[in-house]
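Reading the sequence shown from the start, the letters are residues 5 to 131 in my numbering. Beta carbons are placed, not taken as given, at the ideal position from N, Cα and C, and that holds for glycine.
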Amino acid sequence: MPNPGSPDLLAELAALLGSGKPASPDAVLRVARGLARSARGGYTDGEFGQLCRTELAPVLLRLVAAETEATVLRRAVARDVAEADHGEDPAPRELLAELDGKGIDLGDDIEVAAAVLDAESRIAAFG
5 MPNPGSPDLL AELAALLGSG KPASPDAVLR VARGLARSAR GGYTDGEFGQ LCRTELAPVL
65 LRLVAAETEA TVLRRAVARD VAEADHGEDP APRELLAELD GKGIDLGDDI EVAAAVLDAE
125 SRIAAFG
């Protein structure tokens, strides 16, 4: 992320947007299609305004959630690297527990990574 939002900015955005639910990937795609259609003159101002009123806040909530999670991940990983640079031996399970405590579950990601590693090992073994 080239220019992550500060925690204060993300908190302010979340407060302005309220307690709605973040948009699904499909909803984000609908908004992107709507923006593209509007740029080509395919929407009236009223239609585009309706799209913004109904779809934009959830998309922004998704952005806030993604940036918040990315910030938590970056800080946790950076801390582990800094600890290792200082001669400590950070345990991956401690990092996972910390992230889990902040609502970030990497279980599925770890399973996929393990399957990829297994496949790469098999490919390397057979050549």
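Counted within 10 angstroms of its Cβ, other Cβ atoms place residue i as buried (16 or more) or exposed
i: residue 68; result: buried
i: residue 120; result: exposed
i: residue 45; result: exposed
i: residue 35; result: buried
i: residue 38; result: buried
When the options are compared against residue i, the one with the closest alpha-carbon
i: residue 11; options: 82, 128 and 73; result: 73
i: residue 170; options: 55, 9, 60 and 51; result: There is no way to answer for residue 170, as the model of the chain reaches only from 5 to 131.
i: residue 6; options: 17, 71, 28 and 129; result: 71
i: residue 65; options: 13, 125 and 17; result: 17
i: residue 106; options: 56, 77 and 47; result: 77
i: residue 63; options: 95, 98, 50 and 24; result: 24
i: residue 42; options: 52, 34 and 33; result: 52
i: residue 58; options: 32, 80, 75 and 117; result: 32
i: residue 15; options: 75, 47, 124 and 49; result: 75
i: residue 8; options: 131, 127, 126 and 79; result: 79
Local conformation of residue i per DSSP, three classes
i: residue 96; result: helix
i: residue 60; result: helix
i: residue 109; result: coil
i: residue 78; result: helix
i: residue 72; result: helix
i: residue 44; result: coil
i: residue 131; result: coil
i: residue 19; result: helix
i: residue 29; result: helix
i: residue 10; result: coil
i: residue 38; result: helix
Touch test, the segment 18 to 34 against the segment 85 to 102, Cβ-Cβ under 8 Å, three pairs minimum: Short answer: they don't touch.
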